[in-house]
Structure formats: C-alpha cells, structure tokens
Amino acid sequence: MKQIAVVMLLALALVGCAVPRADKTGKYDTVVVPSGTFNDDLALLEKHGGVIVLSDAAGLAQVAVVPAFQGRVMTSTAEGPLGMSFGWINRELLLSAKTLQHMNPYGGEDRFWLGPEGGQFSIFFAKDAPFDLEHWFTPAPIDTKPFDVVSQTRTSAVFHQRFQLTNYSGTRFDVDVRRAVRLLGADEVWKHLGLAPMAGLKLVAFESANTITNAGKEAWQKDTGLLSIWILGMFNPSPETTVVIPIKPEKEFDLSPAVAPVKDDYFGKVPPERLVINGSTVYFSADGKYRSKIGIGPKFVKPILGSYDAANRVLTIVQFTLPPDPKDYVNSMWKIQDNPYAGDVANSYNDGPPIPGAKPLGPFYELESSSPAAALAPGASLEHVHRTIHLKGAEKDLDAVARKVLGVGLKDITTALPKESAK
Numbered sequence: 030m031k032q033i034a035v036v037m038l039l040a041l042a043l044v045g046c047a048v049p050r051a052d053k054t055g056k057y058d059t060v061v062v063p064s065g066t067f068n069d070d071l072a073l074l075e076k077h078g079g080v081i082v083l084s085d086a087a088g089l090a091q092v093a094v095v096p097a098f099q100g101r102v103m104t105s106t107a108e109g110p111l112g113m114s115f116g117w118i119n120r121e122l123l124l125s126a127k128t129l130q131h132m133n134p135y136g137g138e139d140r141f142w143l144g145p146e147g148g149q150f151s152i153f154f155a156k157d158a159p160f161d162l163e164h165w166f167t168p169a170p171i172d173t174k175p176f177d178v179v180s181q182t183r184t185s186a187v188f189h190q191r192f193q194l195t196n197y198s199g200t201r202f203d204v205d206v207r208r209a210v211r212l213l214g215a216d217e218v219w220k221h222l223g224l225a226p227m228a229g230l231k232l233v234a235f236e237s238a239n240t241i242t243n244a245g246k247e248a249w250q251k252d253t254g255l256l257s258i259w260i261l262g263m264f265n266p267s268p269e270t271t272v273v274i275p276i277k278p279e280k281e282f283d284l285s286p287a288v289a290p291v292k293d294d295y296f297g298k299v300p301p302e303r304l305v306i307n308g309s310t311v312y313f314s315a316d317g318k319y320r321s322k323i324g325i326g327p328k329f330v331k332p333i334l335g336s337y338d339a340a341n342r343v344l345t346i347v348q349f350t351l352p353p354d355p356k357d358y359v360n361s362m363w364k365i366q367d368n369p370y371a372g373d374v375a376n377s378y379n380d381g382p383p384i385p386g387a388k389p390l391g392p393f394y395e396l397e398s399s400s401p402a403a404a405l406a407p408g409a410s411l412e413h414v415h416r417t418i419h420l421k422g423a424e425k426d427l428d429a430v431a432r433k434v435l436g437v438g439l440k441d442i443t444t445a446l447p448k449e450s451a452k
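Encoded structure:
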C-alpha cells in the first residue's frame, strides 16, 4: 500500500495536485492545482513536517518556510497561490521519504549552512579522513535536525537551535543559532533596489537574518579553526537563465597575475563558453547541464548577485551583508590549505552530471553568500543577512532594474554567453 501511495503522489505531482480549499462560507472544496504553481509545491511540503506561509495582505507575495529543514525558505511566489513558484524543490527526494547518508538536498531558496566545507578546519570531514565524496558528510544540525519555532506573524518567523560541531582538526564548537525570516513589503524592496516603484512589475522579497553565538566556554580562534555562516539559494535552471555578478574592476587593485577576480576551478576549470568576465561583470551559465562553480573573493566582491530567466521574464536579485573591509573568509577547498582564510564571499553553482552519463543532483543552480570567519569570544555573536528579490513582468521594466542594480541591461545578459553553453 505504501508503494501505491507514493506512486499516486508522484502522479499528482506530475499532472496537478488536488488540494482542499475553503470558500467564503468556510466549506471546503477540492481544487485541481496545475503542476509548477506555488500551491502545488505547498501541497507537497505540507506532507513533510509542516510549512509556515508568510504572506502580504493581498495574498500575492507569499513565502513557504519549513521548520523541519532548519527554517529553510523553500519557495516563494509574487502572484498568489496559483502563481509561478520560484524555488527549486527536490520533489523526488521528498516523495521517496528517504534520508540520505551524505546530504539531503531538499532544495530551497534560502538554506542555513555553516562553513568551511573542506580543509584542516572542515566540519564536513572527520579528523584525518580523506577529502573525497565517500568521506564527506553534511553535519546533521544543518541537514536533518529541525529548528524550533520561537515566534511567527503573518510576515515573519523566528527559529532557534543549539548544537555541537567538531572540525577536522578536533576543535569542538558549541553553537547557538537564531534565524529570522521576514517577508519584505514592496516599498521596502524598492528602497533596497534604489528605485521608484514600478507598478508593472510583480515582486516578492524576503530576507533571513542569521546569528551564530559562541555558546561554549572557550574562544573560537583562527589557529584551531573558525566557522562562518553560509546561505545558499537553489533555483530552477534553464538554457535561458544566466547568472550575473557585478564585481570591482581588476584595475583597482595592485595584484599579482596569479590573483584572478573569479575562482573557477572547483570542479575543474569552467569552459569559456560557460563563464564570461566582461569588465566589471561576470556572466555564468545556469542551464543545469554542466556541474561547475565559481567564487568571488573579498578583493573583488560586491554585496550583490543576480540572475535572469529570459523565458519567464524573471529577474532575481540577491543582496547580503558585507563588512566595509572584508577579509578572513573560510576556505572550503577539499584539501589541506596553505591559507585557510582565503575563501570566497559569494558563489554560484550550476548543477549537472558529476560524470558523463550520470544523473545530476537536481538539476538546479545556486546563488550563495557567506559571512566572515567568526572569531568569537564566549557569548559573542555574528550576524549575516541574505536577501532575495524576485521581479516578474515586462522586459522594459526589468531592463531598468537590471541596469540600476546590476549595471547591465537585459540584452547584455541574454547575449553574454555563446548559445553553445546551453548544449
């Protein structure tokens, strides 16, 4: 019977979900929700530990947050329950009800993680373990451990958890986490974008304020390893989606030729047709067909990332906390490192087959930001804010936003990468 139920759920996910909904009299009727809508994703999430829905007064801008997944923002919409759902959700994994050994990639637009991933201070590898996939394990507190709901309103939810971690070098951390997720009003969003409101654009925006506190009795020190807050957003890829990252021009710095503005060799060097650096703008393919990752370090980073889905006319903007003089970011490379604090501030990942012919993890693409390394005395805290804004509508309006916020227009974005990158 259990197998039959799973098959039926999968069929509903493919053709649309039957969801009970109350009318004005309070009576419930069954409404068929087309696949790909916010309600479709919501129906699936409600079967897996419950979901908190944040909403504006009109019910158009909505955000789905799951406490069981560390207070993760799973998806959002700007058009109400039947509108387009912006987050990537791993429907196959959720429907299977399985718990995976190394990591549970449930998806989500804003998930709480901690770094570093690799190196002598890694929290993903046990002491003296080889740096390979077989020995890589995501710590349970940022993978399978639910966060407690402290409070919630129509537009916000606050979560808390406390746990211990031990890094590759044997250093133990007592960590207290407070995570507040908040739906932003339209007026506030336009102020963050530095623009007057555009009535023709539909939008949804939210931010997570993430605070870690040293709950132990010993100070966290650089020579024994530090943690950092790491926020990752997973989105639906397509051949017509391009990541756009403004950076500081290379000419502003007196750097050796070995220091590049973009790190592009996480999984082997990114092919040139998939990554283009044009002056102070980075363009990266988000087609979900080629596993690759890029990173921007403190010298070149700006507190902004973006992407444009030309097929659906959706512009996504990510803003995050960046200190005036950014430095000491944890290094997540899978090796013993000469400089464990020479890591990236911002990253973008494009999923794809890990080896030719293999199944990709998603596919999806990611926009990520990190806090500086947290050298905290007992009782001290560090906060990192990560903000996600989706705008959907006419190209002329989206073009104006892109030019103001990202420094380039839609034509620049859609023509930056050769068409071959989608193959």
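In my numbering, the protein residues as written are 30 to 452.
Positions of the beta carbon are idealized from the N, C-alpha and C atoms, including for glycine.
Since the model is a prediction, treat every value here as computed from it, not as a measurement.
- For residue 113, same chain residues with a beta-carbon under 8 Å away, outside a window of 5 residues either side, are 65, 66, 67, 106, 107, 341, 343 and 421 in chain order.
- Distance between residue 207 and residue 181, taken at the CA atoms: about 13 Å.
- In this structure, residue 249 lies near residue 202, with their beta-carbon atoms less than 8 Å apart.
- Take residue 101, set aside five residues on each side of it, and the residues of its chain with a beta-carbon closer than 6 Å to its own are 95, 137 and 140, in chain order.
- If you look at residue 430, you'll find it in the alpha helix (DSSP H) that goes 424-434.
- Going by beta carbons, residue 303 and residue 313 fall inside the 8 Å limit.
- Residue 384 carries a coil assignment under DSSP once its states are collapsed to helix, strand and coil.
- Distance from the CA atom of residue 216 to the CA atom of residue 331, rounded to whole angstroms, is 23 Å.
- The beta strand (DSSP E) runs lying completely inside the stretch 162-235 and spanning 3 residues or more are 177-181, 185-195 and 201-212, given in chain order.
- Within the DSSP secondary-structure output, residue 140 pairs in a beta bridge with 261.
- Ranking 430, 441 and 440 by CA distance to the CA of residue 226 puts 430 first.
- Rounded to whole angstroms, the separation of the alpha carbons of residue 373 and residue 164 is 23 Å.
- In the structure shown, residue 156 adopts coil according to DSSP, grouped into three states.
- For residue 338, the enclosing beta strand (DSSP E) has its first and last residue at 333-338.
- Out of 402, 380, 434 and 70, the CA that lies nearest to the CA of residue 337 is found in 434.
- By the Cβ-count criterion, residue 335 is buried, with 16 or more other Cβ atoms from all chains shown falling within 10 Å of its own Cβ.
- For residue 424, same chain residues with a beta-carbon under 7 Å away, outside a window of 5 residues either side, are 342 and 439 in chain order.
- Non-local beta-carbon contacts of residue 213 in its own chain, meaning distances under 7 Å to residues more than five positions away in sequence, involve 234, 235 and 236 in chain order.
- In the DSSP annotation of this structure, the continuous segment of the beta strand (DSSP E) that includes residue 322 starts and ends at 321-325.
- Going by DSSP, residue 344 is part of the beta strand (DSSP E) stretching over 343-349.
- If you draw a 10 Å sphere on the C-beta of residue 325, you find 16 or more other C-beta atoms in it, and that means buried.
- Between residue 345 and residue 419, the C-beta spacing is below 8 Å.
- At least 8 Å separates the beta-carbon of residue 74 from that of residue 120.
- For the pair residue 364 and residue 327, the CB atoms are not nearer than the 8 Å cut-off.
- With at least 16 other beta carbons inside 10 angstroms of its own, residue 323 counts as buried.
- In this structure, the straight-line span from the alpha carbon of residue 70 to that of residue 264 is close to 13 Å.
- In this chain, the alpha helix (DSSP H) harbouring residue 442 covers 439-444.
- Around the C-beta of residue 379, 16 or more other C-beta atoms lie within 10 Å, and the residue is accordingly described as buried.
- Note on geometry: alpha-carbon atoms of residue 152 and residue 200 lie some 10 Å from one another.
- Bounds of the beta strand (DSSP E) holding residue 420 are 410-421.
- Taken through DSSP and simplified to helix, strand or coil, residue 275 comes out as strand.
- Here the C-alpha atom of residue 173 lies approximately 11 Å from the C-alpha atom of residue 131.
- Under the Cβ criterion (8 Å, minimum of three pairs), the stretch 378-397 counts as touching the stretch 260-277.
- The Cβ atoms of residue 320 and residue 382 sit closer than 8 Å to each other.
- Residue pairing by DSSP places residue 113 opposite 66 in a beta bridge.
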